[in-house]
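Undergrad:
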Amino acid sequence: MHRQYFFKSQILIMIFMLLAAFAQSQNRTPQFTENERNWSEYDLTGWRFGINIGMYFANNYSAQYYSGERFNENNIEYVLNNKYWYEEIVQELNSNRIYNNFDWLPPPDYTPNFNQWLAEYDVQQGEKAWWIYYPVEMKYDAAISPGFYVKYNFNNTTGVFAQTNYVELKTSGAFQMTIDTVTYTSEPGFRTGFIRGKERRSTIDIGISKFYRTGTFTSIFIETGLHMNSTKVLESRIQIGRREYNLVNNYSSGGYVPNSNGTTYEIYQGGIGFGIFLNGGLKFILNEQVSIDPGFSVYYKNLKLEGYSDFKPDIYAYVRLIFDLF
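Every position in the sequence shown, counted from 1, becomes a number in this note's numbering once 358 is added.
1. For R600 and R554, I'd like the C-alpha separation in whole angstroms.
2. Skipping 5 residues on each side, what residues in its chain have a beta carbon closer than 6 Å to that of V648?
3. Could you tell me which of T550, N440, E431, E557 sits nearest to V606, measuring between CA atoms?
4. Could you give the DSSP three-state label for E435: helix, strand or coil?
5. Quick check on L451: does DSSP put it in helix, strand or coil?
6. Return the CA-CA distance between T589 and F669, expressed in angstroms with no decimal places.
7. For the 8 Å Cβ check, are there 3 or more pairs between the region 498 to 516 and the region 434 to 442?
8. Can you find the residues in the same chain that come closer than 7 Å, C-beta to C-beta, to G517, ignoring five residues on each side of it along the sequence?
9. Alpha carbon to alpha carbon, how far is E435 from R549? Give it in angstroms, no decimals.
10. Just reading off the beta strand (DSSP E) that F415 is part of, what are its end residues?
11. Report all residues from its chain with a CB closer than 6 Å to the CB of A500; omit the five preceding and five following residues, and keep chain order.
12. Residue ranges of each beta strand (DSSP E) run of no fewer than 3 residues wholly in the region 568 to 649, ordered along the chain?
13. On the CB-based measure, 16 or more other CB atoms within 10 Å of its CB, does T522 come out buried or exposed?
14. Apart from the five residues on each side of it in sequence, which residues of its chain come closer than 6 Å, Cβ to Cβ, to T391?
15. Excluding the 5 residues preceding and the 5 following G613 in the sequence, name in chain order all residues of the same chain whose CB lies nearer than 7 Å to its CB.
16. What separation, rounded to the nearest whole angstrom, lies between the Cα atoms of Y657 and D672?
17. For N587, is the classification buried or exposed, using 16 other Cβ atoms within 10 angstroms of its Cβ as the cut-off for buried?
18. For G551, write down the residues that DSSP places opposite it in a beta bridge.
19. Take H585 and list the residues in its own chain whose beta-carbon comes closer than 7 Å to its own, dropping the five residues that flank it on each side.
20. Tell me where the beta strand (DSSP E) around F506 begins and ends.
21. Can you name the start and end residues of the beta strand (DSSP E) that K497 belongs to?
22. Based on Cα-Cα distance, which residue from Y419, Y603, V677, S530 lies nearest to Y444?
23. Per DSSP, which residues does N523 bridge with? Please list them.
24. To the nearest angstrom, how far is it from the Cα of R595 to the Cα of R559?
25. Looking only at C-alpha atoms, which of G404, K556, Y676, Y524 sits nearest to Q627?
26. Return no unless some Cβ of chain D is closer than 9 Å to the Cβ of L661.
27. So who's on the other strand from T516, going by DSSP bridges?
28. Can you give me the C-alpha to C-alpha distance between I409 and I580, rounded to a whole angstrom?
29. Distance check for Y498 and I650, CA to CA, integer angstroms please.
30. Go through its chain and collect everything with a Cβ distance to S667's Cβ below 6 Å, but skip five positions before and after it.
31. Closest by CA to Y674, which one among T576, Q449, Y524, S577?
32. Between the alpha carbons of G583 and S655, how many angstroms are there, rounded?
33. So is N637 buried or exposed if we call it buried at 16+ other beta carbons inside 10 Å?
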């Protein structure tokens, strides 16, 4: 529902500004002053349209949402607590004789932590038990982010704009776990699994833009305003051996039961977040219709991810092609 409202607002903003641009183009007149005319021979007033392309560098704070830790919305223990999946994992680790290298030493805090885990959960000898050593730090990969930009210049130095960008972010890591029944020995051993997450972010920025002269055909620009984002979790999974498991519980309270034809549900994780931004860059004026604007953006915003909604900075480095549609 949040996503539908967000995309509808994007479409309405774009339609409104394009219609206004068409109306404005019918009686457009130069609006720059004599001093501005000395700066440039071009009239940059009126409506402009742009296309953004750049690299998005997301803050790693929210990447921990995909770490699988027990306090997260999607956690590894959800899979291990299902007896059918647990039996599959045990068979997978045994049948393929994988992860049987005991020369690898666990972290120094492994033994006391494992013993503490057994005591906290009152695990008796002979019972199924696992202890998970989670990824130390999940990190987002840098990702390509395209977008669109619409602007109205009051004169050659000041304008207002709206833009929308899109990005898909990925993160991955490795975890270790102990399952006593795998080795059939009294001593637990580490087994390695892999975890990954993927999310989609769509954003809308609305703000004011200011140009500062640096040459006849160049200027520095600064932009600032309000930011809104829509985040959706696309994937949260683990892989153990050759088996993969979805950490999102889409079986409701019934849980997974093999051959039961149980109903699965589409689970929406994410929502709408807000923030502010500051852009800066250099405008190269090619002619009255076209300019190229390489720039750099810093966002200070939050995301609607459960447990990870604090405000954090993101960075976006881009090149924007601006042109006059009319």
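Positions of the beta carbon are idealized from the N, C-alpha and C atoms, including for glycine.
TA: Quick look at the numbers:
1. 15 Å
2. F681
3. E431
4. helix
5. helix
6. 14 Å
7. no
8. K509, Y510, N511, S567
9. 15 Å
10. 404 to 415
11. M413, F415
12. 576 to 598, 601 to 604, 628 to 643
13. buried
14. With a pLDDT of 48 at T391, under the threshold of 50, the modelled position of that residue is not reliable, and no figure is offered here.
15. N440
16. 5 Å
17. buried
18. F533
19. T561, D563, F632, G633, I634, F635, Y657, K659
20. 501 to 511
21. It is not in any beta strand (DSSP E) - K497 carries neither H nor E in the DSSP assignment.
22. Y603
23. G505, T561
24. 19 Å
25. K556
26. No chain D appears in this structure, which consists of one protein chain only.
27. K568
28. 18 Å
29. 29 Å
30. N660
31. Y524
32. 11 Å
33. buried
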